[in-house]
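Let me begin by presenting the structure, written as structure tokens, before commenting on it.
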Amino acid sequence: SDPSSSRRGAFIVFEGLDRCGKSTQVSKLVERLEREGRKARLQKFPDRTTAIGKMIDAYLQSKAEMDDHAIHLLFSANRWECAAAIKKDLESGITVIADRYAFSGIAFSAAKGLPFDFCLQPDTSLPLPDLTLYLTLPQEVASQRSQFGEERYETISMQQATREQFALVAQQVTSRHGESKWTQVDASGTIEQVADRIWGLVGEIADGIEGDIGRLWV
Ligand code: 2DT
Ligand code: MG
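Numbering (this note's numbering), first residue to last: 1071 to 1288.
Structural data, given as structure tokens:
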């Protein structure tokens, strides 16, 4: 019998600052998993296709203004409206790969000055990622990439402040959920070099997970 049949899919999250190569690497990983005969699904956050996502999109493109707390809660609500589908897919053996998640939510809002504990709360008990890959790239490299500066938050000072908050988020994840849940990845080099690095880190969890889906911050 197939040993993987009793296993659920892994929930893998990619995090990092803007233009570090997350979206490229998320797509590469989904392709590679599918090529190896595994079922995988990409979930982008924010998911700009929903009603809430459209409000977030207007905010990010500076077509709308919003109170910092209100937009923080909308980003979280955007995850909650996708949470049941993520759980369902994981339980049916699909590997779900998210391009950003609650950790971006905390890091970016805290960088604007909202209290860290406030930023943490709304995402409490969302599905817990089995692995978060935090991609790092020197700011001067990210800033040179095309399209940097197009959206709200894409300024050097905001990226620097967010980088500091991501370090605190990493501490929270590892202290509450364990060292194995957060891995920093050097995102410099060619697309293929980074993809190989990531493939090595994903390793056997791509074959499925035995335990239950955890709950964030619980
Ligand atoms: P993309 O460029 O990846 O579409 O992100 N953000 C994202 C937040 O402020 N809070 C969140 O909860 C999430 C998921 C990071 C658009 C921007 O939105 C920020 C960059
Ligand atoms: Mg962006």
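Virtual Cβ for every residue (Gly too), placed ideally from N, Cα, C.
Close-in-space but distant-in-sequence residues of the same chain around residue i (CB under 6 Å, 5 per side omitted)
i     : result
R1078 : L1160, E1161, I1279
R1285 : S1195, L1198
K1093 : The question names Lys, but residue 1093 is Ser in the sequence shown. Same-chain partners within the cutoff: D1169.
S1097 : none
V1083 : A1168, Y1171, P1199, T1202
R1215 : R1089
Residue i classed as buried or exposed, judged by whether at least 16 other C-beta atoms fall within 10 angstroms
i     : result
R1060 : In the structure displayed, the chain extends from 1071 to 1288; residue 1060 sits before or after that span and is not available.
T1260 : exposed
S1071 : With a pLDDT of 43 at S1071, under the threshold of 50, the modelled position of this residue cannot be trusted; read the value that follows with caution. Result: exposed.
V1294 : Absent from the model: residue 1294. The displayed extent of the chain is 1071 to 1288, so no value can be given.
T1165 : buried
G1091 : buried
Q1131 : exposed
A1276 : buried
P1199 : buried
S1179 : buried
V1211 : exposed
G1175 : buried
D1137 : exposed
D1193 : buried
A1257 : buried
Residue from the options with nearest C-alpha to residue i
i     : options                    : result
F1145 : Q1241, E1104, T1120, L1112 : T1120
K1133 : F1188, M1228, L1103, R1222 : R1222
T1225 : L1087, V1083, A1080, S1076 : L1087
A1181 : S1258, H1139, E1274        : H1139
Q1191 : G1248, V1255, F1173        : F1173
E1151 : F1115, G1270, E1106        : F1115
I1287 : Q1242, A1128, K1157        : Correcting the residue type first, residue 1287 is Trp in the shown sequence and not Ile. Nearest of Q1242, A1128, K1157 to W1287, Cα basis: Q1242.
A1153 : L1130, D1127, L1201, Q1113 : Q1113
L1143 : V1100, A1155, C1189, G1107 : C1189
L1205 : T1253, H1247, K1098, S1213 : T1253
Q1230 : Q1217, T1244, E1220, S1213 : S1213
E1085 : G1270, Y1171, S1258        : Y1171
L1201 : K1251, G1273, M1136        : K1251
7 Å CB neighbourhood of residue i in its chain, flanking five on each side removed
i     : result
E1104 : A1110
D1117 : G1123, N1148, C1152
A1177 : T1232, Q1235, F1236, V1239
L1157 : Per the sequence shown, residue 1157 should be read as Lys rather than Leu. Excluding sequence neighbours, K1157 sits near P1197, I1283.
M1228 : A1181
I1268 : Q1095, L1099, L1203, V1255
L1184 : D1138, H1139, H1142
Beta-bridge partners of residue i, as assigned by DSSP
i     : result
Q1113 : A1168
L1201 : I1082
Minimum Cβ-Cβ distance from residue i to chain D less than 8 Å
i     : result
A1128 : Of the protein chains in the structure, only one exists, and it is not chain D.
Residue i beta carbon near the ligand COA (any heavy atom closer than 7 Å)
i     : result
L1160 : Looking at this structure, you won't find the ligand COA anywhere; what it does contain is the ligand 2DT and the ligand MG.
In chain order, each alpha helix (DSSP H) run of at least 4 residues that lies wholly inside the region 1203-1284: 1209-1214, 1226-1247, 1261-1272
Which whole runs of the alpha helix (DSSP H) in the region 1116-1189 are 4 residues long or more, in chain order? 1121-1130, 1138-1161, 1172-1181
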